[in-house]
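Undergrad: I'd like to ask you about the structure that follows.
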Amino acid sequence: MPRYTLHEIARHINGVIEGDGDLEIHSPAEIASAEKGQITFLANPRYQHYLETTQASAIIVDRTTPVPEHLAAVRVEDPYVAFLQVVRLFFPPREFLDPGVHPTAVVDASARLGDDVRIGANAVIGKGVSIGDGSRIFPGVVIMENVKIGKNCVLYPGVVIREDCEIGDHVILHSGVVIGSDGFGFAFQQGKYEKIPQVGRVVIESNVEIGANTAIDRATLGETRIGEGTKIDNLVQIAHNVRIGKHCVMSGQVGIAGSTHIGDYCVFGGQVGVNGHIRIGNKVTVAAKAGVTKDIEDGQTVFGFPARPIQKMRRIEATISQLPELVKRIRQLEAQVATLLEKEGGLNQTNGEKHG
Numbered sequence: 109m110p111r112y113t114l115h116e117i118a119r120h121i122n123g124v125i126e127g128d129g130d131l132e133i134h135s136p137a138e139i140a141s142a143e144k145g146q147i148t149f150l151a152n153p154r155y156q157h158y159l160e161t162t163q164a165s166a167i168i169v170d171r172t173t174p175v176p177e178h179l180a181a182v183r184v185e186d187p188y189v190a191f192l193q194v195v196r197l198f199f200p201p202r203e204f205l206d207p208g209v210h211p212t213a214v215v216d217a218s219a220r221l222g223d224d225v226r227i228g229a230n231a232v233i234g235k236g237v238s239i240g241d242g243s244r245i246f247p248g249v250v251i252m253e254n255v256k257i258g259k260n261c262v263l264y265p266g267v268v269i270r271e272d273c274e275i276g277d278h279v280i281l282h283s284g285v286v287i288g289s290d291g292f293g294f295a296f297q298q299g300k301y302e303k304i305p306q307v308g309r310v311v312i313e314s315n316v317e318i319g320a321n322t323a324i325d326r327a328t329l330g331e332t333r334i335g336e337g338t339k340i341d342n343l344v345q346i347a348h349n350v351r352i353g354k355h356c357v358m359s360g361q362v363g364i365a366g367s368t369h370i371g372d373y374c375v376f377g378g379q380v381g382v383n384g385h386i387r388i389g390n391k392v393t394v395a396a397k398a399g400v401t402k403d404i405e406d407g408q409t410v411f412g413f414p415a416r417p418i419q420k421m422r423r424i425e426a427t428i429s430q431l432p433e434l435v436k437r438i439r440q441l442e443a444q445v446a447t448l449l450e451k452e453g454g455l456n457q458t459n460g461e462k463h464g
């Protein structure tokens, strides 16, 4: 691993040094586990107490946070972004595949490969496939007929892309991703389920990254589409004919049912479930474990089941938290009413005796 002085690191991230600029750094590390010779960062005040105990030699911080004397500092506008730049400096991209096509790969004669495409062992490239310049196809990938893949894509081991799908430029698909599997479409007829043909396709626009073991189903007719720059975590299910806009983020175990349309710049927490045929606007945030059962307008933040706007859900949660005390109070009132009724009954009986 290369080594850099603090001066070199500061120039790389456009930072201002406090301390010894000739200090040599051999690697980046988290603030809690950093050791001598390493550089760390502080972006979240929650971790500020580590400033006194970290063993790092240097730290990347904002313009104002006080730093103990034992730490050299590099001050920047955004410590998190700057630290990511430092990580890339120490860990430049690695090339895992040899140039060209591995001798065990099966590439159909009609496939078109761009410049510097690398294909790993036991990959299968079907008829009519086109792969853009600089793309990397790792071992065990299966790309079926008439798939189009753009430039500088990375398909990690075990990815499957079914027929007729289209992948943009700079797309990353992690191991186990399946693009274009049949949509879950069946019709109940005469006492059994009949499969509905799934003859559409999937389009993944440029700069999308999809996590391990995520499945994106092909459309019944037309297309399932994932918008530019969207990032999808592991173990996510995207059903047939779903459309997801640009620059959305979806955490693990999200499930989107068929024909739902999602706008741009949306954020979905883990284990969110979305009903079919829903329309979700732009810049919507759906908190973890929420269940979306109806349309959501632009800019809303929702959570719970069924998912409701955050202000309303907070009132509901506040009321729910009071239920035990309310139940206790109701029981007390019931007891008081019963006592009053008992006394009233006794009075009525006494009055009856007097008039008898």
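For what it's worth, my numbering labels the leading residue of the sequence shown as 109, then goes sequentially. All residues carry an ideal CB built from backbone N, CA and C; glycine is no exception.
1) Which residue wins for smallest C-alpha separation from T161, given the options P305, A151, H178, G145?
2) Who are the Cβ neighbours of E302 in its own chain at under 7 angstroms, not counting the five residues just before and after it?
3) Would V182 pass as a contact of G145 if the rule is Cβ separation under 8 angstroms?
4) Within 10 Å of its beta-carbon, does N349 have 16 or more other beta-carbons around it, so buried, or fewer, so exposed?
5) Check the DSSP bridge columns for M358 and list the partner residues they point to.
6) Per the contact definition of three or more C-beta pairs closer than 8 angstroms, is the stretch 398-409 in contact with the stretch 442-452?
7) Is A398 closer than 8 angstroms to G384 when the C-beta atoms are compared?
8) Since I believe F292 is in contact with A347 (beta carbons under 8 angstroms), could you give me their beta-carbon distance rounded to a whole number of angstroms?
9) For V307, does the three-state DSSP call read helix, strand or coil?
10) Is the beta carbon of D272 closer than 8 angstroms to that of N254?
11) Which of the three DSSP states is assigned to Y62 in this structure?
12) When burial is assigned at 16 or more other CB atoms within 10 Å of the CB, is G453 buried or exposed?
13) Assign T212 to buried or exposed, taking buried as 16 or more other Cβ atoms, counted over all protein chains shown, within 10 Å of its Cβ.
14) Could you please give me the residues that DSSP links to Y301 through a beta bridge?
15) Check for me: the beta strand (DSSP E) holding T148 runs from which residue to which?
16) G308 and T332 look like a contact to me (Cβ under 8 angstroms); what is the Cβ gap, rounded to whole Å?
17) Determine the closest residue to P176 out of P187, V394, H157, with distance taken between C-alpha atoms.
18) Take F199 as the anchor and find which of A137, V232, M252, A142 has the nearest alpha-carbon.
19) Among the candidates Y112, G276, L221, whose CA atom is the shortest distance from the CA of V237?
20) Contact defined as beta carbons within less than 8 angstroms: I believe V310 pairs with G288. What is the distance between those atoms, to the nearest angstrom?
21) In the DSSP assignment, the beta strand (DSSP E) including A166 goes from what residue to what residue?
22) Could you tell me which of D223, V195, H369, R226 sits nearest to Y112, measuring between CA atoms?
23) If the criterion is Cβ atoms closer than 8 angstroms, does the pair R314 and G276 meet it?
24) Fully enclosed by the stretch 400-459, which beta strand (DSSP E) runs are 3 residues long or longer?
25) Suppose you measure from the CA of G127 to the CA of A180; what does that come to, to the nearest Å?
26) Specify, as a first and last residue, the run of the beta strand (DSSP E) that I121 falls within.
TA: On the basis of the data shown:
1) For the residues P305, A151, H178, G145, the minimum Cα distance to T161 belongs to H178.
2) These residues qualify, in order along the chain: F294, A295.
3) Going by C-beta atoms, V182 is not nearer than 8 angstroms to G145.
4) Buried.
5) Answer by DSSP bridge pairing, in chain order: I340, F376.
6) Taking 8 angstroms as the limit for Cβ pairs, the verdict is that the stretch 398-409 does not touch the stretch 442-452.
7) In this structure, G384 sits away from A398, with a CB-CB distance that is not shorter than 8 angstroms.
8) The C-beta separation of A347 from F292 comes to about 6 angstroms, placing the pair in contact by the 8 angstroms criterion.
9) Reduced to three states, the DSSP call for V307 is coil.
10) Yes, these two residues count as a Cβ contact at 8 angstroms.
11) This structure cannot settle anything about residue 62, because the visible part of the chain is limited to 109 through 464.
12) Per the 10 Å Cβ criterion, exposed.
13) The residue in question, T212, is exposed, as its Cβ has fewer than 16 Cβ neighbours within 10 Å.
14) Per the DSSP secondary-structure output, Y301 pairs in a beta bridge with F296.
15) Its beta strand (DSSP E) spans residues 146-149.
16) Indeed they touch by this definition, with Cβ atoms about 7 angstroms apart.
17) Shortest Cα-Cα distance from P176 to any of P187, V394, H157 involves H157.
18) Ranking the options by Cα distance to F199, first place goes to A137.
19) Nearest C-alpha to V237: L221.
20) Right, their Cβ atoms sit about 5 angstroms apart.
21) Its beta strand (DSSP E) spans residues 166-169.
22) Ranking the options by Cα distance to Y112, first place goes to V195.
23) Before going further, note that residue 314 is Ser rather than Arg in the sequence given. Contact: yes.
24) The qualifying runs are 409-411.
25) Approximately 5 angstroms between the Cα atoms of the pair.
26) Not the beta strand (DSSP E): I121 falls in the alpha helix (DSSP H), residues 114-121.
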